[in-house]
Amino acid sequence: MATVADLRYGQVGIIKDFTEHILPIKLLELGCLPGNSVELLQIAPFNDPIYINLSGSHLAIRRSLAALIELEIIEETQAQ
Numbered sequence: 001m002a003t004v005a006d007l008r009y010g011q012v013g014i015i016k017d018f019t020e021h022i023l024p025i026k027l028l029e030l031g032c033l034p035g036n037s038v039e040l041l042q043i044a045p046f047n048d049p050i051y052i053n054l055s056g057s058h059l060a061i062r063r064s065l066a067a068l069i070e071l072e073i074i075e076e077t078q079a080q
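The UniProt record's numbering puts the sequence shown at residues 1 to 80.
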């Protein structure tokens, strides 16, 4: 299964599960819950962190944390 860390520019996915059940509370409060959508917006220099749209909230997270969030890729939009 793909994770948020695997997203490419413009791809959208739906959160399915977490590989570990310990995620920062702040991510859960911002809507990082199963069923919500995630879109990759930008990648910082040296490929870390990544900037995502999480159900309307824009945030930057480390790739190591993004790799814990499993999703199903549902849409590929035009690359930026």
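The beta-carbon is built from N, C-alpha and C at its ideal position, and this holds for glycine as well.
Fair warning: this is a prediction, and the values are worked out from it, not measured in the lab.
Answer yes if the stretch 59 to 71 comes into contact with the stretch 23 to 33, meaning at least three C-beta pairs across the two stretches below 8 Å, and no otherwise. yes
Euclidean distance between Cα positions of D6 and E72: 11 Å
Are the Cβ atoms of V38 and I22 separated by less than 7 Å? no
Sort L65, I74, Q11, E70 by Cα distance to K26 and report the nearest one. L65
Per-residue DSSP class, three states only, for I15: strand
Using three-state DSSP, classify R8 as helix, strand or coil. coil
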